[in-house]
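Working notes for the structure below.
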Amino acid sequence: MSVERIADLNLDYATRYGFHDPEEYLHKAPKGLDHETVEMISRFKNEPDWMRAYRHQALDTFLAKPMPRWGDQSLLHGIDFDDIHYYLKSSEGSANNWDDVPENIKRTFDKLGIPEAEQKFLAGVSAQYESEVVYHSINESLEKLGVIFTDMDSALAKHEDIVKRYWATVIPAEDNKFSALNSAVWSGGSFIYVPKGVKVEIPLQAYFRINAQNMGQFERTLIIADEGASVHYIEGCTAPVYTTNSLHSAVVELVALKGAKIRYTTIQNWSNNVYNLVTKRAHAHEDAVVEWVDGNIGSKLTMKYPAIHLLGERAHGEVLSIAYAGTGQHQDAGAKMIHAAPNTSSRIISKSISKDRGQSTYRGLVKVHKGCHGCRTSVECDALLIGAESRTDTYPTMEIAEDDVRVEHEARVSKLADEQLFYLQSRGIDADQARLMIVNGFIEPFVRELPMEYAVEMNRLIELEMEGSVG
Amino acid sequence: MANTTMTDLANAVIPAPRTEFTDAALDAFSRRLGEDPAGAAWRRAAAAVNRTIGFPDRVRHLWRYTDPADLLPGRALLQATESPERTELPATPAVLLRPGHEPLVNAAAAAVGVTAEALFGEADHAQLVGRAVAADHGYFESLNAAAFDAGVVVRVPRDHVAAAPLRLVIAAVPGRDVLPRVLVAVGAGASVTVVEDHLGGGAGAVVVGVTEILVGANADVHHVLVQRWEDGTVGHLTVRARIERDGRYLGASAGFGGDVAKFDLGAILAGEGARSELVGVTLPDRRQHLDHHTMHRHLSGHTWSNIDFKAAVAGRARSSYTGLLRIEKDAPGSEAYQENRNLLLSEKARADTIPELEILTDDVSCSHGATAAPLDPEQLFYLQSRGIPADESLRLVVRGFVELTLRQVPEGLRADLEALVDARLERLVGER
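From first to last, the protein sequence lines stand for chains A and B. Be aware that the first sequence starts at 42, since it is given in this note's numbering, and climbs by one per residue. Be aware that the second sequence starts at 5, since it is given in this note's numbering, and climbs by one per residue.
Set out below in structure tokens:
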């Protein structure tokens with residue numbers, strides 16, 4: 042089934058990107074998950090006892106928690122947790138220098154354009170290959186500022202005190218079944234600490250890759266912006282085509298202390314056999330600003346609802362997201378805004394495109410707690426349907442326990458308009474090109490927020506997905 | 005399941021409280037009510053559904069804010085034998101539903117050319133019942149289907165225009181359970197206004213009601229649901245219209261009373277060109293918890309629907325609203341709109357809203373909007389600066405908030421509803 046579905050949309054994915062490097066592993070945990078696997082991962086990584094205990098406890102939580110009874114049940118129950126490798130390590134340690142990165146891995150990244158981008162203006166590249174970060178470089182100026190930007194395993198080894206202080210304070214293992222799974226078997230991911238008052242001017246980025254059949258990717262990211270600091274982090278995902286299901290279940294925690302600003306940009310383009318079940322949440326303290334910019338293009342099933350807990354007065358949260366679902370895909374994404382302090386504000390803008398037999402779902406929550414007067418929040422959902430068998434669902438939830446607030450929600454569903462197509466075609470633009478132009482216009486508010494090279498990549502991805510649109 | 009809409013949810017069965025419906029007990033109850041044998045067969049089938057359907061799953065948005073256990077009948081069912089309390093029927097066309105007895109129909113009702121008889125008084129009722137609300141619609145609906153004790157079938161003949169609104173009076177009784185079941189069958193091209201008036205009740209009163217409205221092709225039906233239970237009453241009411249080709253339906257609801265009450269209101273747009281409009285106002289205060297669900301399901305093409313639901317919440321009350329628009333694959337060219345506005349009148353008031361869309365085909369036009377906001381201090385200030393006292397200003401602003409919605413209610417009924425709104429506003433102002 043998977044083979045057909047993928048062929049459906051990405052016939053030439055392999056030739057276009059040629060991602061499939063032969064597997065070359067130093068360590069590969071056996072399939073399946075039990076305390077032995079968790080113990081092995083932790084021992085192998087030489088972790089402190091508290092982390093090992095945390096993993097074991099999280100595993101118990103994972104095993105005890107039932108699968109969610111909501112969401113796309115037929116897809117969710119297609120996950121076979123026993124048929125997944127919970128840990129792989131593809132080469133020895135991390136490299137600080139591009140020359141030290143193994144050739145086969147480099148080839149893959151070449152196709153993604155990372156070194157080129159780095160040469161231009163990217164500060165640090167930490168590319169995740171399999172379960173661990175293999176390459177890492179940090180701009181010297183960042184180090185001088187006291188910014189820590191490293192992979193999570195190294196952070197735990199070198200900055201244990203600060204990791205321990207913030208670890209799982211935003212997303213406890215008990216939060217949901219998949220955060221528990223991640224907590225038990227996490228590996229890799231990024232760690233960023235920006236000291237007080239430091240503003241990181243250039244975006245920090247990491248590329249994640251999955252490159253083995255039946256392999257789960259459980260990275261763990263923690264970003265702390267201390268008082269008055271600011272940082273923009275970019276997570277880009279892309280993966281080779283495989284014929285059996287892969288599970289990606291990340292946990293991303295952001296902490297924006299007083300007056301800090303964090304923007305977290307994701308472009309998710311997993312291959313269409315990947316389950317992308319991710320928990321992302323931020324704490325925004327007094328006067329802090331957190332923004333999730335979230336693009337979901339690939340995967341078989343994505344369930345991702347970036348959340349912002351507005352914990353301090355005047356904190357502000359924004360989620361700007363787009364989702365693209367083609368045949369065989371279900372993009373179940375959304376956002377959560379929890380107003381837990383007075384005079385906080387938030388905005389959610391969500392756009393989705395469902396094409397052919399694709400399905401997209403917006404699922405969101407806006408909650409205003411008692412006593413949080415003066416809050417403002419607006420939610421806007423826009424769904425574009427292309428094809429009579431496409432589907433879109435909107436499930437926004439608003440819970441208001443305070444009178445002095447302004448809550449607004451709006452959603453619209455429309456099909457690709459014939460009049461627009463007709464207009465463009467009457468100007469001599471062919472049908473495919475016209476469709477692409479309309480779709481590009483639809484997602485423009487999102488693309489506009491991306492750094493230039495990502496905007497280019499985004500447009501290119503949409504172009505690939507739109508090729509051969511139904512007539 | 006007839007009403008399964010959130011298809012992406014697991015069908016986990018939550019164990020329900022045991023209800024002992026033996027076939028023998030159902031048969032005996034059916035006989036006592038003088039039903040046609042088809043009634044006993046229907047009840048038996050419904051009891052079988054009730055045994056397996058399970059309790060509402062609170063993971064579903066439909067039950068997120070209200071505990072179904074709060075709405076359960078408190079006593080053994082199938083017991084309604086006492087003679088009903090005397091309730092005066094108005095001089096205008098009216099039908100009184102009486103637990104354990106035939107409905108009481110006044111002369112004025114007969115004069116407008118509609119018939120009202122006990123459900124399953126005739127064998128052919130079996131062809132009508134369950135078409136809009138099947139027994140497997142949900143737990144409470146299966147309970148009602150098996151054990152309803154006050155049933156009525158109202159029929160409007162083909163092409164008949166009922167000259168005056170028909171009022172159905174359904175009284176809750178303190179310390180008792182009432183399970184009313186209303187079936188309104190409107191023939192093709194006919195036109196009627198039905199007012200369903202839920203009143204009475206008090207401590208220990210429970211109502212589990214189902215109303216089905218069959219709107220024939222090109223028929224025109226107005227249904228007004230008024231709920232003005234006394235304090236202490238709890239209840240669950242399900243209303244569905246099923247609209248055939250080019251039929252038109254207007255459902256208006258006004259929710260005032262009860263301690264905890266849940267309403268599942270909606271329409272199935274079954275035939276091409278069907279139109280449905282739902283309007284609702286609710287004004288909970290004190291510690292009331294009123295939960296409204298609306299649903300428009302488009303089964304056929306070129307259908308149109310609109311929902312306008314308003315809640316003004318005072319005291320420590322809570323209004324919960326969930327609304328679903330669903331357009332099925334075979335309903336191209338459909339339009340569906342939904343709006344929910346919440347006015348929060350006190351610091352402790354609470355409003356929840358989940359307006360949902362499920363769109364399974366692309367040739368549609370759909371939108372929904374929801375807002376929550378406090379009383380606008382500028383409006384109050386403006387009115388007061390014109391010499392209008394504070395209480396009166398508050399009354400005017402809230403009246404203005406629900407006014408546009410009330411305007412959808414057919415002329416002649418609006419005054420009644422406005423009087424109820426004013427009475428509630430009087431109470432709100434008095435308690436401020």
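For each residue, glycine too, the CB sits at the ideal point set by N, CA and C.
Whether residue i touches residue j by CB criterion (9 Å)
i: A/VAL319; j: A/MET344; result: yes
i: B/SER257; j: B/GLN231; result: yes
i: B/ILE235; j: B/GLY206; result: As written in the sequence, residue 235 of chain B is Asp, which differs from the Ile given in the question. It is a contact, given that the beta carbons lie within the stated cut-off.
i: B/ALA192; j: B/VAL116; result: no
i: A/THR306; j: A/PRO347; result: no
i: A/LYS396; j: A/GLY369; result: no
i: B/ASP71; j: B/ARG62; result: yes
i: B/PRO19; j: B/LEU76; result: no
i: B/VAL425; j: B/LEU398; result: no
i: B/ALA374; j: A/MET439; result: yes
i: B/THR23; j: B/LEU66; result: no
i: B/ASP268; j: B/HIS306; result: no
i: A/LEU457; j: B/ILE363; result: no
i: B/LEU429; j: B/LEU379; result: no
i: A/ILE389; j: A/PHE487; result: no
Residue range of the unbroken alpha helix (DSSP H) whose run includes residue i
i: A/PHE463; result: 459-467
i: B/PRO226; result: Per the sequence presented here, residue 226 of chain B reads as His, with Pro not at that position. Here B/HIS226 belongs to no alpha helix (DSSP H); instead the beta strand (DSSP E) covers 224-231.
i: B/TRP308; result: Counting along the chain, B/TRP308 falls outside any alpha helix (DSSP H), though it belongs to the beta strand (DSSP E) covering 308-317.
i: B/ASP367; result: B/ASP367 -> no alpha helix (DSSP H), and no H or E assigned at all.
i: B/ASP426; result: 418-435
i: A/LYS514; result: Since the first residue shown for chain A is 42 and the last is 512, residue 514 of chain A is missing from the structure and cannot be characterised.
i: B/SER2; result: Not covered by the structure: residue 2 of chain B. The range shown for chain B is 5 to 436.
i: B/TYR386; result: 381-389
Counted within 10 angstroms of its Cβ, other Cβ atoms place residue i as buried (16 or more) or exposed
i: A/SER132; result: Because A/SER132 carries a pLDDT of 43, less than 50, the predicted location of this residue cannot be relied on, and the following value inherits that uncertainty. With 16 or more other Cβ atoms within 10 Å, it is buried.
i: B/HIS227; result: buried
i: B/TRP308; result: buried
i: B/THR119; result: exposed
i: B/GLY275; result: buried
i: A/TYR127; result: buried
i: B/LEU408; result: exposed
i: A/MET493; result: exposed
i: B/PRO178; result: exposed
i: B/ALA32; result: exposed
i: B/GLY404; result: exposed
i: B/HIS141; result: buried
i: A/TRP524; result: Nothing about residue 524 of chain A can be read from this structure; chain A reaches only from 42 to 512.
i: A/ARG476; result: buried
i: A/LYS411; result: exposed
i: B/ALA209; result: buried
i: B/MET5; result: Its pLDDT being 32, under 50, B/MET5 is placed unreliably by the model, and nothing is read from it.
i: B/GLY391; result: exposed
i: A/ALA136; result: The predicted position of A/ALA136 is uncertain, since its pLDDT is 46 and thus under 50; a value taken from the coordinates is nonetheless stated next. With 16 or more Cβ atoms within 10 Å of its Cβ, A/ALA136 is classed as buried.
i: A/PHE190; result: buried
Unbroken beta strand (DSSP E) run spanning residue i, endpoints
i: A/LEU100; result: Run containing A/LEU100: none in the beta strand (DSSP E); it sits in the alpha helix (DSSP H), 90-105.
i: A/MET439; result: 432-441
i: A/HIS507; result: For the record, residue 507 of chain A in the displayed sequence is Met; it is not His. Unbroken run through A/MET507 is the alpha helix (DSSP H), 493-507; no beta strand (DSSP E).
i: A/HIS380; result: 371-380
i: B/PHE267; result: 264-273
i: A/ALA199; result: Looking at the sequence provided, one finds Lys at residue 199 of chain A rather than Ala. Note, A/LYS199: premise wrong, no beta strand (DSSP E); alpha helix (DSSP H) at 193-199.
i: B/THR242; result: 238-247
i: B/TRP67; result: From DSSP, B/TRP67 is part of no beta strand (DSSP E); its letter is neither H nor E.
| task | Closer than 8 Å, Cβ to Cβ, to anything on chain A: give me those residues from the stretch 401-426 of chain B, in chain order. | result | none
| task | Report the residues of the stretch 316-340 of chain B with a CB closer than 8 Å to any CB of chain A, ordered along the chain. | result | LYS333, PRO336
| task | Check distances from the C-beta atoms of the stretch 425-439 of chain A to those of chain B and list, in chain order, the residues that come in under 8 Å. | result | LEU426, ILE427, GLY428, ALA429, GLU430, SER431, ARG432, THR433, ASP434, THR435, TYR436, PRO437, THR438, MET439
| query | Using a beta-carbon distance cut-off of less than 9 Å, what residues from the stretch 43-69 of chain B approach chain A? | reply | ASP61, VAL63, ARG64, HIS65, ARG68, TYR69
| request: Closer than 8 Å, Cβ to Cβ, to anything on chain B: give me those residues from the stretch 439-465 of chain A, in chain order. | output: MET439, GLU440, ILE441, ALA442, GLU443, ASP444, ASP445, VAL446, ARG447, VAL448, GLU449, HIS450, GLU451, ALA452, ARG453, VAL454, SER455, LYS456, LEU457
| Taking any Cβ of chain B, which residues in the stretch 96-114 of chain A have a Cβ under 7 Å from it, in chain order? | ARG110, TRP111, GLY112, ASP113, GLN114
| Where are the alpha helix (DSSP H) runs, 4 residues long or more, that stay fully inside the stretch 202-270 of chain A, in chain order? | 218-226
| said: At 3 residues or longer, what runs of the beta strand (DSSP E) sit wholly inside the stretch 279-357 of chain B? | reply: 279-286, 293-302, 308-317, 322-331, 338-348
| Inside the stretch 280-356 of chain A only - beta strand (DSSP E) runs reaching at least 3 residues | 287-289, 292-297, 302-310, 315-325, 330-337, 342-345, 348-351
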